[in-house]
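Under the working numbering, the first residue of the sequence shown is numbered 0, with each subsequent residue one higher.
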Amino acid sequence: MSSGPAATPAPEGDGRRDSIGRASLFLASGTIVSRILGFVSAIILAQVVGTSGAGDAFALATTLPNNIYAIIAGGILTAVLVPQIVKASTDPDGGTRYVNKIITLGFVVFLAVAVVATVSAPLLVALYAEQAGDGSRGFSPEIMALATALAYWCLPQVLFFALYSLLGEVLNARKVFGPYTWAPVVNNIVMIAGLLTFAWIFSGDVSDASVWTPDMVALLGGASTLGIAAQAFVLFLFWRRAGLRYRPDFQWRGVGLAQTGKAAGWVFGMILVTQLAGIIHNRVASLAADDGEPSLAVLRFAWLIFILPHSIVTVSLGTAYFTRMSGHARDGRRDLLRDDIGASLRTITMIMMLATIGLAVVSGPFSRIFSSDPVLVEGMARVLVAFVIGLIPFSTLFITQRVFYALDDTRTPFFIQLAQSGIFVALALVVATMPSPWIAPGIALVTTIAGTAQTLISLAILRRRLGGIGMRLTAQRTGLFALAAIPASAVGLALAVTMGAFDGGAARENVGAAIVTMIAIGGAMTVTYAGALSVLRVPEFTALVDPVAKRLRRR
């Protein structure tokens, strides 16, 4: 997305902004297609497996490798590789030798991690979930057994998630952005095919964990892992475009890997801290499963909805900015770095404001797409609202973390993560004492509170370190975005009441009604919000729509 002069006061002018705009648009296109297919896959999964029982077991089994992937993708590889590869690109060989060594090292390390994790499947499942016992809440023995069986098939994904992140970050550092965001399309296609095959072979209600057979486990778990593997290996097809030719290199000395390892050490500390919080998250959430209340599956589906606008806008824009910010940090151009931070935060906040109010209003109909059980639908709606309250801070954190990484600073994010995890764990333990219907919404709200605190701490540190990051201007713009959100929210709520979007309303009668309601409310709110931004003459909005308007006029 492009930014206007007020949003990005950079000396390079329009060419600099257009470059980011084109890269962000291409990345967003891949993310949009991937997310659409991902939603189709999630909806089919919810309809085939359910959102409780077997659904909770599959959610836990896929959470294990996903948790590690989430940390790797936003931690070690992103924090270390992009800045180091940008630096290595000035070497006589253009950084090829460094890339070969780091890819080989990564494959060996993560293969070992995947093997150990897979062998430890029963221990990991027992660690991440609370099992119901005499007078205690948690997963039933049948759900625990199914989760363990599925985990054996899913935990090898650790290797493929790591390879996807490793290869993708190398391509991003070489300014070949597209494949990283388009590769998940392959994964989603494989998963959809696997789910449809599962539904065709094993028809009927399979939400009861006790009815699952080894064939069912192998098909669902195998399809999930095959999709992730395809997502990783498809990136090799674009290796030559990045000017690289991979050859395994086991000589891991002499090209700065010691510096890389030092930086990664702090991020590894972040992994340990975050995994502790993740264990508490899953164990507390699993307490509600035995009572038939929203648990891990509902939290996961609600998170998929929550993460959609972040993935399309923030990840695409942030990925395009990150390589350039690393270059500015390397060249000592902190003025340009500050400009990029402010521009990205203002543009992201403008769009996330609409996403926040929109998702909150349509939370009920959106949840109805995943389940027909009124209890689970209402529970998921509450979870989604609790998540979206923190959407703007969550997206802001994505940018601030990458600023630290661009500055080759992985130590500071560790201590910030330590504070976030401490807040989360303390509040999650309070949630564990609540009645089962409020456990999942409570976990979501705790996630929002802890994440917001983490974001505020990050902004304060960066502001002090860089001598300001344009926060006064960003706060002023955020006030305008919030002002524009008022009429949009009013229109959305009025339509929601009219169309029966709340508990027991017509919009929740079936999936078709839910989709129609979402489209109507979302469209009306978007038009109203855009109109309000236009009336308020918000520079970021003008910079966003002017290029589109010019192209339309030329036609």
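Virtual Cβ for every residue (Gly too), placed ideally from N, Cα, C.
All figures in this text were calculated on a predicted structure; none of them were measured in a lab.
| Check | Outcome |
| --- | --- |
| Distance, L158 Cα to V233 Cα | 15 Å |
| Local conformation of Q419 per DSSP, three classes | helix |
| Burial state of T196, where buried means 16 or more other Cβ atoms lie within 10 Å | exposed |
| Alpha helix (DSSP H) runs wholly inside the region 384-412, at least 4 long, in chain order | 390-405 |
| Own chain residues within Cβ distance below 7 Å of L494, not counting five before or after | A519, I520 and A523 |
| Proximity to S343 [Cα-Cα], best of A385, G326, R401 and Q274 | R401 |
| Straight-line gap, E377 to Y127 (C-alpha atoms, nearest Å) | 25 Å |
| 6 Å Cβ shell around M352 - same chain, five flanking residues per side excluded | F480 and A484 |
| Three-state secondary structure assigned by DSSP to G132 | strand |
| Buried or exposed (CB count within 10 angstroms, at least 16 for buried), R471 | exposed |
| Secondary structure of A542, DSSP reduced to three states | helix |
| Among A380, S533, S394 and P213, the one whose alpha carbon lies nearest that of R507 | A380 |
| The region 147-166 in contact with the region 106-122 per 3-pair CB rule at 8 Å | yes |
| Complete alpha helix (DSSP H) runs within the region 192-275 (minimum length 4 residues, chain order) | 213-232 |
| Three CB pairs or more closer than 8 Å across the region 296-303 and the region 448-464 | no |
| CB contact flag (A208, A45, <8 Å) | no |
| 8 Å Cβ cutoff met for A443 and V382 | yes |
| Coil, strand or helix - F138 by DSSP | strand |
| Any alpha helix (DSSP H) of 4 or more consecutive residues that is wholly inside the region 275-358 | 295-308 and 315-330 |
| W251 versus P412 - alpha carbon distance | 27 Å |
| Nearest-angstrom Cα separation, counted from G221 out to A144 | 17 Å |
| Secondary structure of P440, DSSP reduced to three states | helix |
| Cβ pair count under 8 Å reaching 3, the region 381-395 against the region 323-331 | no |
| F501 - DSSP class collapsed to helix/strand/coil | coil |
| Nearest residue (CA-CA) to Y151, options V124, R136 and A161 | V124 |
| Option nearest D290 by Cα separation, candidates L219, T395 and W437 | W437 |
| Rounded straight-line distance, which links the Cα of F38 to that of I191 | 10 Å |
| G132 to S51 span [Cα, whole Å] | 18 Å |
| Chain-order list of residues whose beta-carbon lies under 8 Å from that of N171 (same chain, five-residue window excluded) | V81, Y179, T318, F321 and T322 |
| Candidates F176, I415, I227 and G357, of which the one nearest N65 by Cα | I227 |
| Beta-carbon proximity check, G421 vs R337, cutoff 8 Å | no |
| C-beta contact flag for V424 and A276 at 8 Å | yes |
| R240, buried or exposed, once every other Cβ within 10 Å from all chains shown has been counted against 16 | exposed |
| Secondary structure of T454, DSSP reduced to three states | helix |
| Cβ distance (whole Å) where T395 is taken to contact T454 below 8 Å | 5 Å |
| Beta-carbon proximity list for A146, same chain, < 6 Å, skipping 5 on both sides | A56, L59, A60 and V124 |
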